[in-house]
Each structure stands twice: as structure tokens, then as C-alpha cells.
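Here is the structure we will look at, set down as C-alpha cells.
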Amino acid sequence: MKKAKFALVGLGVMGQNLALNIANKGYPVVVYNRTASVTQEFIARLTNGQSVTSAYSYADLMASLEKPRRIMLMVKAGPAVDAVISEIKPYLEPGDILIDGGNSFFADTERRTAELERDSFLFIGAGVSGGEEGALHGPSIMPGGSLAAWKALQEIFTAAAAKTQDGEPCVDYVGPRGAGHYVKMVHNGIEYAIMQMIAEVYDLLNRGLSLTATELADLFVEWNQGELASYLIEITGEIFKKLDPETGKPLVDVILDEAEQKGTGKWTSQNAFDLGAPTHAINAGVASRILSGMKSQRTVAQKLIDGPSPTFIGDREVLLAACKHALFAGLVLAFTQGFGLMQLASQEYEYALDMQVIAKIWRAGCIIRADLLDDIMQAYGRDPGLLNLLFDEDFNKAVAKRQGALRYVLINAIRMGVPVYALSSALAYFDAYRTERLPANLTQAQRDYFGAHTYRRLDKEGSFHTQW
Ligand code: NBP
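In the working numbering, the protein residues as written are 320 to 787.
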């Protein structure tokens, strides 16, 4: 029997759709899932001509694969990945390639790389973004790890990946060891920030201007035609259009306001603290989800704690226009912080990340895809060592032009008591970053006062302590 070119282990939504995607591109795939009934049901749903076969043991899976074997795991991130690797390992031969396509923590990928490479197996930690639709029709893929393994996977991954309008595949080698999963983690961190910013603008327009879901849908559809064009703006417009079949109300209005999370945003913030990277908007996205989860406390607090009315008093059209510009500035600042973090990580972990390549492979397929990424790609093309996106002349001008709108939106939101943590922290980052003298001199004085931590001076070298 003809051998399969690729194996997929783990038939959750992502695994099933990736298997179909790769098979549809002409590469025979063999699939395996821990629970056999899931495999049987998947195979039963296939149409004629889809070259997907099934295996019900790792021995069968290995025997049905062309060598060197290419085996992609799409199982739940965490201990499941280690469990599957240890079950497959006895069947591997030197040169075989294991790919972890789940949302694994990059430090786990570092450890697994070392463990597998000790036995001459090749390992790829690949970030995959695009949800189930993306997995089927073309995700953005961020592979990191063995360069030799990437060469052996490049053709298949290139065929399966999303393509930009100019036909470029949204996959490229990102860097060694855990680099692929690191980049995916930051992708998700930026996603948290952007989603929170969109939610804040929705809150302001919904509670402040009493815009209905239908009006919001029209607004987001319009915004998606211009500079804000992006997947998250597009789906937000679609979401506002959707009616609940049970009540006939806009579905968004009947959804419980507690945002859940799987941890990738939190990892981004935790790692940013470790590396000393200012990721204000990402942190705000994580913290805002946490606070949203305190629904029962918020319900009590609303009755006990007073604040201003969220009704907007002013020119509605001015606020609407300002929201669009504020959101764009917020998006730029979220990307600025994410790329800044990756620059630090690139040095710290010796990933040699190429920011232009990362912007390139995020342009289609992934959740944070946006027209803006074309400009980011070009900015890093003009200057690969760009210290901060805001040092690029075009981005400097783009935010400078819109900072007035961002300030106007925030002043009004604060006056109305509408929480705008992500947008305001993006602006706080911007204002702090462009300020040569921050009040950290006072912080240093306080540290020295209570803890004799010493301080440095502007006018001479050395460390100083004062008897305050
Ligand atoms: P899940 O994350 O829900 O994982 C389900 C799969 O993991 C099933 O095939 C399950 O097998 C298998 N599995 C588990 Br759970 N424990 C196992 C174990 N100990 N040994 C073997 N298999 C085990 O599926 P998913 O949503 O398709 O996501 C897969 C990966 O892709 C995850 O890491 C996820 O974070 C990532 N990801 C998901 C999305 C998305 O939109 N869903 C997007 C991007 C990345 P069973 O059938 O026997 O229980």
C-alpha cells in the first residue's frame, strides 16, 4: 500500500481540519486519535477521494508513513503532549520529525527539543493560528525548531498555509527551539490586547451613545473597509448582525459578560515581566478578562458604589470618528508592544527572530491578521534593526495624527465612567515612551529612603545613598 506523507495525531477540531487541509493539497495523510471512536467518526464523514487513512495504534501509524516520518501532534497543550511523545518515541527512528502544532508553552518546547534531539529525532514547535476555519482553509503557521526538519516540511506547510492577496504563503521558519511557540504566544498576547480595545469601544458606543447591535454592525462593516481592515474588526461586525434564534434578540446581548482564557495572554504578560518588556495593552487585556470574571462581585458593587452616568454628552459624530482613529492608534500600539517584546526575547533566548518575516506570516490566516501588518512588514524591511515601531517615520506619523482622537475618546470614557484599560494603557505606554524624564527619579529616592537601595545621579557617575 502507498505510504502516507504526513501523520496527524489528535483529532480535535484543529487536528481534523488540518488533516483535511493537507490531504486536500494532495499529500496523503494518516490520522490517529487516542479515543478510537473519534477516528472512526472522522473517517466515516470523509468524501470519496480524500486521501486520509486511519491508524489505531502507534505501531500501525508508524508503519504507514513514508520515511523520514513527519508526525504532527494536535493534542491539548500541556501534559498530553508529553504523554503522546513518550508513547510515540519507542517507534521513532533517527531523522524522524515530530511537530507539536498545539499552543504549547515555549519553555516546554525548549525542554522537549533537548530531550528529542538527544536521541537524534527532529522536533518542530509550530504555532498555528486561524481557529478551525483557518486549519481547514489555510492557517498562519509559525514553525520553530530544527532547520533540517523545516526543510523537510516546507513543501507541505507551504501548501497548507494561508496565502496573502499577493499569493505569499503565511508560513516561514521562525527560529530555533521554542521560537515558533514563543511567536505564537506573543501573537495571542496581541490578540488579547486588540480584542479588549474593540470591546472597550463597543462598551463606549453601546452604553454611551446607545448604539444598537444593528448600528454597531453597520459601523464595524464600514470600519473594516478602511485602515482598520482586519479579521477581528470583520468578525465583530458579523457578530453584531447575528440574532439569537430563541429570543430574537441580538445574540451578543444575551451572552454572559465573563471573558474566559486559556492562558496564552497571561504567559505573554508573565514573560514580558521576566524580560522587562513594557506590554501595557497586553497586560490590560489579561487583567480585564480576569475582572470580567468577577460577575457576582460586580453585580453587588454596581448597587453599592456610585459613579458617573455613562451617557455621552456632546457631538455623537465626533465621538464616532474619534473611536475609529483611537482604535487604529491602539492597534498600532498593541503591535508595537508585541514586536518590542519579541525583540527582547530574540536576544534573551538567542532566537534571531526576523520581525519582517513574522509580520509577513501574520498577514493572512491568523486571528490578528490586519492590513496594518503589510505596513509593519515594510517598516521592518526598511530597517530590520528597528528598535521600536514608533521610530519608523510612517508609524510615528500614523500615531501622532491620531493621538488627539485617542485622548478625546479616553477623556470622554473616563468622564462617563466607562472602563478603557487597554486603550488608556496603550496611551500611557506611548506617553511614557516619548518622555525623556519620567518621575522614576522620585521612585528611586523613595527606594533609597526606606531601603537604602541607592540611586544614580544625572550629573555624575556612581551609586549614592542619602541619610534622608
Ligand atoms: P483540544 O485542545 O481540545 O485537544 C483535543 C485532542 O487532544 C483530542 O484529540 C484528545 O484525544 C487529545 N488528547 C488529550 Br485532551 N489528552 C490526550 C492524551 N493524554 N493523549 C493523547 N491525546 C490526548 O483540541 P483542539 O481545539 O483541536 O486544539 C488542539 C491544539 O491546538 C491545542 O493545543 C490548542 O490549544 C491548539 N489550538 C487550538 C485552536 C482552536 O481554535 N481550537 C487554535 C490554535 C491552536 P481524545 O479524543 O482521545 O480525548
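Note that the Cβ used here is the ideal one computed from N, Cα and C, for glycine as well.
In or out: residue i buried (at least 16 other Cβ within 10 Å) or exposed?
i, result
"Arg496", "buried"
"Ile475", "buried"
"Val637", "exposed"
"Gln786", "exposed"
"Pro569", "buried"
"Thr618", "exposed"
"Thr428", "buried"
"Glu667", "exposed"
"Glu406", "exposed"
"Asn543", "buried"
"Phe769", "exposed"
"Gly368", "exposed"
"Met320", "exposed"
"Gly446", "buried"
"Gly626", "exposed"
"Ile760", "Note that residue 760 corresponds to Asn in the displayed sequence, not to Ile. Under this definition Asn760 is an exposed residue."
"Ala374", "buried"
"Ser356", "exposed"
"Ser744", "buried"
"Phe592", "exposed"
"Gln335", "buried"
"Ile574", "exposed"
"Lys614", "exposed"
"Glu755", "exposed"
"Ile404", "buried"
Leaving out five residues on either side along the sequence, give the residues of the same chain with a beta carbon under 6 Å from the beta carbon of residue i.
i, result
"Cys489", "Ser459, Ala480, Ala481, Ile680, Ala683, Gly684"
"Glu510", "Ile686, Ile687"
"Leu411", "Phe440"
"Ala536", "Gly556, Phe559, Lys560"
"Gly612", "Glu577"
"Val332", "Glu451"
"His644", "Arg721, Ala724"
"Ala764", "none"
"Gly414", "Pro387"
"Arg701", "none"
For residue i, collect the residues of the same chain with a Cβ closer than 8 Å to its Cβ; drop the 5 residues on either side in sequence, then sort them by chain order.
i, result
"Ile443", "Ile416, Leu417, Ile418, Asp419, Pro462, Gly463, Gly464, Ser465, Ala468, Trp469, Leu472, Gly499"
"Gly781", "Arg775"
"Glu579", "Arg608, Gly612"
"Gly457", "Asn340, Gly449, Ala479, Ala480, Ala481, Lys482, Cys489, Ala683, Gly684"
"Leu705", "Met674, Ala698, Tyr699, Asp711"
"Val400", "Leu392, Val394, Asp419, Gly421, Ser423, Asp427, Arg431"
"Ser588", "Gly508, Thr598, Ile601, Asn602, Val605"
"Met514", "Leu551, Gly604"
Residues in the same chain with beta-carbon distance under 7 Å from residue i, minus the five sequence neighbours each way, listed in chain order, please.
i, result
"Ser376", "none"
"Arg526", "Pro629, Val737"
"Ala771", "His784"
"Asp572", "Ala532"
"Lys322", "Ser383, Leu384, Glu385"
"Arg635", "Leu528"
"Glu487", "Lys679"
"Ile503", "Checking the sequence shown, residue 503 turns out to be Lys, not Ile. Excluding positions up to five away in sequence, the list reads Asn422, Gly446, Ser448, Met461."
"Tyr727", "Ala641"
"Asp438", "none"
"Phe714", "Val651, Ala698, Leu708"
Would you grab the beta carbon distance between residue i and residue j for me? Rounded to a whole angstrom, and I think it's under 8 Å.
i, j, result
"Thr583", "Asn422", "6 Å"
"Met674", "Phe658", "6 Å"
"Leu523", "Ala741", "Their Cβ separation, rounded to whole angstroms, is 12 Å, which puts Leu523 and Ala741 out of contact at 8 Å."
"Phe361", "Leu380", "That belief does not hold up - the Cβ atoms of Phe361 and Leu380 are roughly 14 Å apart, past 8 Å."
"Val349", "Thr372", "5 Å"
"Asp491", "Val676", "5 Å"
"Ala678", "Tyr699", "6 Å"
"Met393", "Leu339", "Not a contact, Cβ separation roughly 12 Å."
"Arg389", "Lys324", "7 Å"
"Ala512", "Ala600", "4 Å"
"Val798", "Met661", "Absent from the structure is residue 798, since the part of the chain shown begins at 320 and ends at 787."
"Leu777", "Leu746", "Rounded, the Cβ-Cβ distance is 27 Å, inconsistent with contact."
"Tyr748", "Gln656", "6 Å"
"Leu610", "Met516", "Leu610 to Met516, Cβ: 16 Å. No contact."
Ignoring anything shorter than 3 residues, give me the beta strand (DSSP E) runs that lie fully in the region 405-451, in order along the chain.
416-419, 441-448
What are the start and end residues of each continuous alpha helix (DSSP H) run of 4 or more residues lying completely inside the region 550-625, in chain order?
550-560, 570-573, 583-594, 599-611, 614-623
Which runs of the alpha helix (DSSP H), 4 residues or longer, sit entirely within the region 517-553?
532-542
Can you find at least 3 beta carbon pairs, one from the region 529-548 and one from the region 719-727, that sit closer than 8 Å?
Put simply, the region 529-548 does not touch the region 719-727. Fewer than three CB pairs are less than 8 Å apart.
Can you list, in chain order, the stretches of the alpha helix (DSSP H) that have 4 or more residues and sit fully within the region 690-740?
691-701, 712-735
So within the region 451-490, which uninterrupted alpha helix (DSSP H) runs reach at least 4 residues, ignoring any that extend past its ends?
466-479
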